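As numbered in the working numbering, residues 2 to 528 make up the sequence shown, in order.
Glycine included, C-beta positions come from ideal geometry on N, C-alpha and C.
Note that the structure is a prediction, hence the values are computed from the model and not measured.
Notes to accompany the following structure.
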Amino acid sequence: MERRRGAAARARAALTPAGAASMKNGMFRLKHLRIETLRERIIVIHRSAVAKGNLGFNPMDRARVIGADPQSGQRREVSGVLGFCSDTLIAEDEIGLTEDAFRDLGLPEGAPVSATLAVAPPSVDLVREKLRGGRLDRAAFDTILADVTRHRYSRVELAMFVMACAMRTLDLDELVDFTRAMIGTGSQVQFGPPPIVDKHCIGGIPGNRTTMIVVPILAALGLLVPKTSSRAITSPAGTADTMGMLAEVALGAARMRQVVERTGACIAWGGALELAPADDILITVERPMEMDTEAQMVASILAKKKSVGATHVLIDIPLGPSAKVRTLAEAERLGELFRSVSARIELRVDIEITDARAPIGRGIGPRLEALDVLAVLGREPQAPADLREKSLFLAARLLEISGKAAPAGGYHAAQAALESGAALRKFNEIVQAQGAREMPAAALFQTVVGAPADGRIRQIDNWEIGRVAKLAGAPANVAAGVRLLKTFGDVVARGEPLLEIHAESAAQLEFARAYAASHAGIVQYGF
2 MERRRGAAAR
12 ARAALTPAGA
22 ASMKNGMFRL
32 KHLRIETLRE
42 RIIVIHRSAV
52 AKGNLGFNPM
62 DRARVIGADP
72 QSGQRREVSG
82 VLGFCSDTLI
92 AEDEIGLTED
102 AFRDLGLPEG
112 APVSATLAVA
122 PPSVDLVREK
132 LRGGRLDRAA
142 FDTILADVTR
152 HRYSRVELAM
162 FVMACAMRTL
172 DLDELVDFTR
182 AMIGTGSQVQ
192 FGPPPIVDKH
202 CIGGIPGNRT
212 TMIVVPILAA
222 LGLLVPKTSS
232 RAITSPAGTA
242 DTMGMLAEVA
252 LGAARMRQVV
262 ERTGACIAWG
272 GALELAPADD
282 ILITVERPME
292 MDTEAQMVAS
302 ILAKKKSVGA
312 THVLIDIPLG
322 PSAKVRTLAE
332 AERLGELFRS
342 VSARIELRVD
352 IEITDARAPI
362 GRGIGPRLEA
372 LDVLAVLGRE
382 PQAPADLREK
392 SLFLAARLLE
402 ISGKAAPAGG
412 YHAAQAALES
422 GAALRKFNEI
432 VQAQGAREMP
442 AAALFQTVVG
452 APADGRIRQI
462 DNWEIGRVAK
472 LAGAPANVAA
482 GVRLLKTFGD
492 VVARGEPLLE
502 IHAESAAQLE
512 FARAYAASHA
522 GIVQYGF
């Protein structure tokens, strides 16, 4: 008991009241606000406490909460954006922290804490210099990303960095330094002897869930595939969102290793692995901005592949009028950029430019895309042929690149693994090893949108059909989205059912239906 009193006394002494906001003896009581804020650290103080204490705080100020571990006396602190409360959410002598801020501070609720204003980290000046047209070197990127991973940047400052890299294009040396710095922010997981294979699509194509088919095909044929995937950034679903319909994807490094050692593969969410964690923080501002900058894309993809020890990586660059990449020249330039950076970080990368005049598969949204994957792996007669064939093509290329299949022999091997049921058995092994989940029920509200004209479908706008799915609630509502009843190459008659919208609320269903009905150009016809 005496030891505990001594630790508590040291904790109180560690919180010097000089310069700190205070109500009583320089201290507040810590309160856990169970509010999710997409990794934004929010610190909430009662408005009357600010007034009575003459604290000089204003809403949206950057603040720092300081406390000490009641057992060890070790100083703990967290920075965040300040919010004012005027009701009973918190008391005058409390400071509230939202979920991420409370977890990062690591102190129990009720612990004594103090608060001060916090200044922006000096590395923000480096970001401003880049916005003015300057260059960043490895040391600058290391400094910026270290502050990012320590959660010292506000959302506004994170957005500044994303925009600086987008508006002031990084040259090759900068991009290599950015990628190396990204790798350096996190841990690395090494697996057995090569080849260790991986694939990645740059995104932007709804329904393009080839990874969940390619990985079990490759693993069934004896290749090691420690696949990490992202959640949606600008799309209605990412691979991790879709795999999460069937299995646990938030695997730690030790758990990931166990799964790969047991099954030869995994399909995990990279954000849970602390591989290039700065990237996962930057994604939180890219998502609402609906931005996926070229620099961020290249650095993010290559950093995560390097962090899992991949030796052979295939990058899928979809090309189409409504894809991220819209001209062949642009696709070839981006492919060369991937090759140039990967060569400098000693990673073998091959590029495939694929057709993207429409979504791949029929489902758009986590649950609907998972159903497509299961249909292909289960060799169901109505499985989407485009998803099946693209998956076989990409699997074939990786089998040939890695030396597992002879040149021009990869497709036959991949097809045999799929048709024999070996790929499905391997997928089920992976699901069980990661932790199987029950597929969510279908969305409560559904409606059909008819074709606005007669003709052969020549193109489906990937961006616009993705927007319909997001208006319906995807990916946050996992059962929401769009199911294509007709797709590229089909001939339809005016009024014939064209697509089916799924939503979890009547309001979201109507938002999505009205948008689809008023944008006839989502589907284009011709030959």
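Scanning its chain for C-beta atoms nearer than 7 Å, with the 5 sequence neighbours on each side dropped, one finds around I145 the residues S124, L127, V128 and F162, in chain order. Between G362 and L388, the CB-CB gap stays under 8 Å. In this structure, the CA atom of E401 is about 6 Å from the CA atom of G411.
By the 16-neighbour rule on beta-carbons within 10 angstroms, G208 is buried. When DSSP states are grouped into helix, strand and coil, S230 belongs to the strand group. Under the three-pair Cβ rule at 8 Å, the region 173–189 counts as touching the region 129–145. Residue environment: K53 is assigned as exposed (fewer than 16 neighbouring CB atoms within 10 Å of its CB, all protein chains considered). The alpha carbon of A332 has as its nearest neighbour, out of V350, R345, G310 and T355, the alpha carbon of T355. In the DSSP assignment, E78 falls within the unbroken beta strand (DSSP E) covering R76 to C86. The beta carbon of K131 is closer than 7 Å to those of L137, A165 and R169 in its chain, skipping five residues each way along the sequence.
Burial state of T212 is buried, judged by a 10 Å Cβ sphere holding 16 or more other Cβ atoms. Judged by pairs of C-beta atoms under 8 Å, the region 238–257 touches the region 365–380, as three or more such pairs exist. For I218, the enclosing alpha helix (DSSP H) stretches over residues T212 to A221. Apart from the 5 residues on each side of it in sequence, R153 sits with its Cβ closer than 7 Å to the Cβ of S80 and P122 in its chain, given in chain order. T240 is positioned such that its CB atom lies no closer than 8 Å to that of K305. Residue range L329 to R345 is occupied by the alpha helix (DSSP H) that includes V342.
A415 is a Cβ neighbour of A396, given a cutoff of 8 Å.
Rounded to whole angstroms, the gap between the alpha carbons of M257 and A508 is 40 Å. About 17 Å separates the beta carbon of L315 from that of E347, a gap too long to meet the 8 Å contact definition. Taking a contact as a CB-CB distance under 8 Å, the pair A442 and A494 does not count as one, their CB atoms being some 33 Å apart.
Note that the C-beta distance between Q460 and A359 is below 8 Å. According to the DSSP assignment, R65 belongs to the beta strand (DSSP E) that extends over R63 to A69. Within the region 292–330, complete alpha helix (DSSP H) segments of at least 4 residues are found at 295–308, given in chain order.
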